[in-house]
Structures are given as C-alpha cells and as structure tokens.
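Please read the structure below before turning to the comments.
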Amino acid sequence: MSHAATVHMLWTTASVSPDKIPSPDIEYGQLAPTLIVLGAAIVGVLIEALLPRRHRYAAQLFVSVVALAAAFAAVLGLAAGDYGTTKARIAAMGAIAVDGPALFLEGTILLVALVAVFTFAERRLDPAAHGNRVDSFAAQPAAVPGGEAEQAAVKAGFTTTEVFPLVLFAVGGMLVFPAANDLLTLFVALEVFSLPLYVLCALARRHRMLSQEAAVKYFLLGAFSSAFLLFGIALLYGYAGTVTYAGIADVVDGQVGDITPALAGTMGNDALLLIGGAMVLMGLLFKIGAVPFHMWTPDVYQGAPTPVTGFMAAATKVAAFGALLRLLYVVLPGLRWDWRPVMWGVAIVTMLGGAIVAVTQTDVKRLLAYSSIAHAGFILAGVIATTPDGISSVLFYLAAYSFVTLGAFSVVTLVRDAGGEATHLSKWAGLGRRSPLVAAVFAVFLLAFAGIPLTSGFAGKFAVFKAAADGGAGALVVIGVISSAIAAFFYIRVIVLMFFSEPRTEGPSVAVPSPLTSAAIAIGVVVTIVLGVAPQYFLDLAGQAGVFVR
Amino acid sequence: MNPVNYLYLSALLFTIGAAGVLIRRNAIVLFMCVELMLNACNLAFVTFSRMHGNLDGQIIAFFTMVVAAAEVVVGLAIIVTVFRSRHSASVDDASLMKL
Chain A
1 MSHAATVHML
11 WTTASVSPDK
21 IPSPDIEYGQ
31 LAPTLIVLGA
41 AIVGVLIEAL
51 LPRRHRYAAQ
61 LFVSVVALAA
71 AFAAVLGLAA
81 GDYGTTKARI
91 AAMGAIAVDG
101 PALFLEGTIL
111 LVALVAVFTF
121 AERRLDPAAH
131 GNRVDSFAAQ
141 PAAVPGGEAE
151 QAAVKAGFTT
161 TEVFPLVLFA
171 VGGMLVFPAA
181 NDLLTLFVAL
191 EVFSLPLYVL
201 CALARRHRML
211 SQEAAVKYFL
221 LGAFSSAFLL
231 FGIALLYGYA
241 GTVTYAGIAD
251 VVDGQVGDIT
261 PALAGTMGND
271 ALLLIGGAMV
281 LMGLLFKIGA
291 VPFHMWTPDV
301 YQGAPTPVTG
311 FMAAATKVAA
321 FGALLRLLYV
331 VLPGLRWDWR
341 PVMWGVAIVT
351 MLGGAIVAVT
361 QTDVKRLLAY
371 SSIAHAGFIL
381 AGVIATTPDG
391 ISSVLFYLAA
401 YSFVTLGAFS
411 VVTLVRDAGG
421 EATHLSKWAG
431 LGRRSPLVAA
441 VFAVFLLAFA
451 GIPLTSGFAG
461 KFAVFKAAAD
471 GGAGALVVIG
481 VISSAIAAFF
491 YIRVIVLMFF
501 SEPRTEGPSV
511 AVPSPLTSAA
521 IAIGVVVTIV
531 LGVAPQYFLD
541 LAGQAGVFVR
Chain B
1 MNPVNYLYLS
11 ALLFTIGAAG
21 VLIRRNAIVL
31 FMCVELMLNA
41 CNLAFVTFSR
51 MHGNLDGQII
61 AFFTMVVAAA
71 EVVVGLAIIV
81 TVFRSRHSAS
91 VDDASLMKL
C-alpha cells in the first residue's frame, strides 16, 4: 500500500509542478552543418525507397553534393559569425561544442567528403556490363559472389546507390565526433560513423571475397575497440559522477564546488580515472590507426573498394584526431604528466613501425595503409606538444594530409587490368613511360607524403615537428625525422619504379576517368601544391582556430 | 548489498567477454562476446548511477542498448554475407590478405 502511495506521489508531484523540468534548448543554427547532412541522408534513404532504379543515381548524387556543399557553407557562415573565436560556445544542452577546432575540422571533413563523393559516383572506369555503366560497388551486395543472383543483378544493371546515404550518415557522425562535448555523445558519434563504414567496406564490385573479409575484420575489431571505449566511459563516469567534459576536468583538477559523499569516495580512487582514461584513449587510438592498435588498417584498406578506402583514410583520421585532441586538452589536461609518457611511446612505435613495415609491402593499397600509420605517428607528435601551436599544427596537418590521401587513392582507381584495379606494385613498373601524366600526379602525392619541400606534406611536417620541439619533445622530433627518412625511401622507390623501369608488355592500362574523378584528383593536386607553396594563410587560419571552448 | 560488488561483477563480465573475443574463432561467438562486454558496461553504468545518486548512468544504459541493437543489425548482415560466400563463419578462414 505504502509502495503504491509513493509511486502515486511521484506522478502527482510531477504533474503539479511541470516547470521543475526545464525544456531543452537546442541551437539549431549552430548545429546546422550536422543537421543538414543527416537530413540529406534520410532524404537519400527515402529516394532508395520511392524512386525507380534508373533515376536513383542522379538523384542521390545531386542530394549528396548539394547537402555537403550547403553544410560547408553553414560552417563558413558560423566561422564568419565568429563562432570559431570570440563567440565559441557549447550548444545542444552541453552535448556539442561549437568552437575553432570543431569548425575547422568540420569544414575539412565536409570538403573531403564532397571530393570523395565524386570518386564514389565515378562510372567510366569499369567496362560497361551488358551496356550499363557501372561504378566500384557491387550490383547486389547481398548476392553470393559468382552466384546466379549476382549474374542476374549485373545483367539487370543494378547498382548500389545506397552508398550515398551511407556516406552521408558516416559524415554526420564524423561532424559530431570532434565536436562532442560529453562522453555519451562521443560514443554515439563513434558508432554513427563506424557502422556505415563497416557496410561500405563490404560493397566492392571486384574482389568481393576480399572486400567482405575486410568488412568482417573491420567490424569485429571496431566493435571490440568501441566496447573498450564504452567501459572507459563507464569508469570515468564512476570517477566523476558526470560525463560532461568540463565536469570531469573539474573533478580531475579538484575544483569541483559541492562534493557529495559518493563523489568524495570515487574521486579519491585514481584507478578509476587512470584505467578509464586509458581505455577511452585506446578506443580513439584504434580509430586513428596508431600502433599497437593498427592491425586492422592494412587489411581493411586493401579489401575495401578504393573510393571508400580514400574516404575512410582521410575523413576518419580527421574526425578521430579531433576527438583525441579535445579529450586530451579539455578533459584530461590535469593528467598531462600521466598520459604524456604513454603517448610518447605510442607516437614513437607508430612512426617507426609504420615506416619500417611499409618498406616490405608489395601492394600499393597496403603501402598507403602503412604510410597512413606512419603519418598518424607524425600527427601524434604534434598532439603531444600540449601547446596552442600543437593544436593548430595538427589541424593544418590533417587538412593537408587528407587531400593528399584522397588524391592518391583516386589515382589507384585509374590503373587497371582485366581483373579490376592493378594494385600489385610490380604492375606499376614503367607506368611513367606509358602514361606520364598519371604517374606524375601520383609522384606529386608521394612526394607530399614524403614531406618534400613545396608540397603540403613538408609544411605540415615542419609545423608539427616545430610545435613538438617547442613543447619539449625534442627526442620525438629526432625519431620523427629518422622515420620520415625511412618513409621517403619507399615513396621514392615507387617513383623510381614508375619512371625508370621498363614497362611490362602485359602491364595494366590507365583508364580514362569521367570529369568526376578528374576533378577529385585535380583538387588533390591543387591543394597539395597551394598548401606547400603558400601555407601561411592556412597556418594562420589553423592558428586562429586553435582554442578549445570549455 | 554494497554496490561495489556489482562493479566487480561488471569487470569480470567484461574480462570474460574480452577473453572470449581473443580466444574463440567463430565470428558469431566473437560477436556475442562483444555484446557481453557492452552489457558489462551497462551494469557498471547503472551501478555508478546508483552510487552517485544521479540518473545519467541509467540513461546512458538505454543509449548503449540502442547502439548494441544497431551494431547487431550491421554485424549480423556482414557475418551472414561472409558465411553465405564461404560456408564458414570462422575468422581463421578469412585470411586471403595474409602476406
């Protein structure tokens, strides 16, 4: 009876004074970039459901491009409205930060996604099947490879236009990830961008077994790592009694106002904080692809359809480094002396491990995967600097690196033989004699990866290493330069292979792309050269954007 | 009962799940172990919520359940596709890309 009375009391008190629960207050204008992209993704799903097959490709491409461009315009609008500097704030009831780093990274992700969508939409590289132009994605992903259902789907000219909404959902998650201002939003954003990527990996038209294998590996390891991230979040929540970044930082610094008895008990327990922080870091380092959490990278990069690999390599890295920066600089600055030695170790093994293992690779996609691991190490050197210069140099490096990566993978889609893309390095021998332009463009990207002056790679590496040296990580810079030299060896080796060896008679041919892929590659080259020749404007931009709101 | 005991249970479940992912070889079992890890997280969230006397942890548990359900949708789709093309769900068989 008394139990029923208390329950009744709960209901009546709640209905008597409804004002006690404040209604949430969402700043739709400041969240516009994310909302536009997610809204367009839902429109994309509706297009799949309602439009006839023959109209879907054009409609999806139109919706994706318009949405990404509109979202980028919204980011520019917010930046012009000083939300990146003086009016930086925390929106959506404390869930999402609107500040310089968030806007800079969101702008980068949106531009990268826009260029990536061009490569997704490419339909001239594969030979037409039964008179239908086809893209890099399976006719019917659910059909068994080589089975009757697949042949029927190919004959009917089916294409997987679902890739466009999937990309938009992934981009939506990536936009939230570096801006997340509490750990729950961080986790949800991580899953929102990971789940579409798992599916995208499984959709290749050629080498479908390889593609499915990549997807299953990526999925199982990704789910494993996100479980670690979630347990870390649980421990941090237990430590601080809150999941907001500012709240946890206050408890870490011991600046919390009223200490409840429960909080007094848990905040004295450093095991919760240290283990929780380490597990959250682990989850983020997995997404970054830092050694020792890099095992998935080469297999997934090799197996996934090449446009997806390019998108994933560029955009995921930008989003994950944004989240890592915010976590280390906003939540755990009080723990600096604990995480710095660990991150030193991770950065060193990542730089050296990526560069050394890359030397032995014989497949161009695996080579680029290991090179991306080495680059993750270089960026980590900037993260460790713990200075404002560290933040801005990382932002600049991410912007520069993502366009080089996207361009390089777009070039990989062009070099083909009868079995699809010819990714084995031996087939690239003499490419410079056969198609000098494509080889020269690829050489530009490789030189940028290697960090040769007058490319964006040099400006980025210089900024990151300078910040690290100023931040007291001189030894790290020495190791970084050594591993850059090792990395330069295998980049130059590919250039030598392309230009100074005899072309093989049965070698691959270079497909003539449509304007879509040509545009993607051209944008990559232009950004690489411009950021290399005149980096100052963009360095200043990154410098202005380098302050986190708390 | 002291709520800390639930934390020990949660850590134990998480460890069993993690060990299962590392030891077992069937993709479906691996995936079940990951789900066990997520549920261990839920138990920790709810326990901490009770200790701190705020509701954040209980709400997060709901989010975790929804995320886990979404993960099941994507994960089972991928695993079933692989099973249909290989007639095996063993992760040791998925080794086309070994060097």
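So the sequences go chain by chain: A and B.
The letter at position 120 of the first sequence is residue 120 when you use full-length UniProt numbering, and the numbering goes up by one with no holes.
The letter at position 38 of the second sequence is residue 38 when you use full-length UniProt numbering, and the numbering goes up by one with no holes.
Glycine is no exception: its CB is placed at the ideal position from the N, C-alpha and C atoms.
Which partner residues does residue i have in the DSSP bridge list?
i, result
"A:A204", "A:F137"
"B:N26", "B:S90"
"B:N2", "B:N2 is not bridged to any residue."
"A:N132", "A:A129"
"A:V510", "A:V415"
"A:R89", "A:V98"
"A:A180", "A:I96"
"A:H424", "A:D363"
"A:T244", "A:D182"
For a quick check, are the C-beta atoms of residue i and residue j less than 9 Å apart?
i, j, result
"A:L497", "B:A44", "no"
"A:L220", "B:V34", "yes"
"A:T360", "A:V444", "no"
"A:V291", "A:G353", "yes"
"B:S85", "A:R493", "no"
"A:F286", "A:G382", "no"
"A:R123", "A:S514", "yes"
"A:V65", "A:L125", "no"
"B:R25", "B:S95", "no"
"A:A459", "A:A400", "yes"
"residue 552 of chain A", "A:K317", "Residue numbering for chain A in the displayed model covers 1 to 550; residue 552 of chain A lies beyond these limits and cannot be assessed."
"A:V37", "A:A80", "no"
"A:A246", "A:S392", "no"
Near residue i, what residues of its chain come up, given a Cβ to Cβ distance below 6 Å and the 5 sequence neighbours on each side ignored?
i, result
"B:F14", "M37 and A40"
"A:F311", "A116"
"A:P307", "T119, F120 and S136"
"A:V346", "A290"
Residues in its own chain within less than 7 Å of residue i by CB, not counting five upstream and five downstream?
i, result
"A:F231", "M279"
"A:K461", "F378, G451 and S484"
"A:A69", "L114"
"residue 608 of chain A", "Missing from the structure shown is residue 608 of chain A; chain A here goes from 1 to 550 and no further."
So is residue i in contact with chain A if we call contact Cβ pairs under 9 Å?
i, result
"B:R84", "yes"
"B:N54", "yes"
"B:S96", "Checking the sequence shown, residue 96 of chain B turns out to be Leu, not Ser. So, interface residue."
"B:I79", "yes"
"B:I23", "no"
"B:S10", "yes"
"B:M1", "no"
"B:M51", "yes"
"B:I60", "yes"
Can you grab the Cα-Cα spacing for the pair residue i / residue j, in whole Å?
i, j, result
"B:I59", "A:L184", "10 Å"
"A:L531", "A:G222", "33 Å"
"A:V199", "A:I26", "31 Å"
"B:E71", "A:F169", "15 Å"
"A:V243", "B:F48", "12 Å"
"A:P145", "A:L203", "11 Å"
"A:Q151", "A:L284", "41 Å"
"A:F538", "A:Q544", "10 Å"
"A:G474", "A:L380", "14 Å"
"A:A467", "A:T387", "7 Å"
"A:V167", "A:Y218", "17 Å"
"A:L332", "A:D258", "21 Å"
"A:W296", "A:F177", "21 Å"
"A:T315", "A:P261", "Here residue 315 of chain A turns out to be Ala, not Thr, going by the sequence shown. So the alpha carbons of these two residues sit roughly 44 Å apart."
Within 9 Å of any Cβ in chain B, is that where the Cβ of residue i sits?
i, result
"A:E191", "yes"
"A:Q302", "yes"
"A:I233", "yes"
"A:T260", "yes"
"A:F311", "no"
"A:M209", "yes"
"A:T34", "no"
"A:L284", "no"
"A:L263", "yes"
"A:F224", "yes"
"A:S2", "No answer about A:S2 holds up, because its pLDDT of 44 lies below 50 and its placement is not dependable."
"A:Y83", "no"
Would you say residue i faces chain E, with C-beta separation under 9 Å as the test?
i, result
"B:A27", "Given the protein chain composition of this structure (A and B), no chain E is represented."
Who are the Cβ neighbours of residue i in its own chain at under 8 Å, not counting the five residues just before and after it?
i, result
"A:A421", "Residue identity check: residue 421 of chain A is Glu in the sequence provided, not Ala. Cβ neighbours of A:E421 beyond the five flanking positions: R206, T306, V412, T413 and V415."
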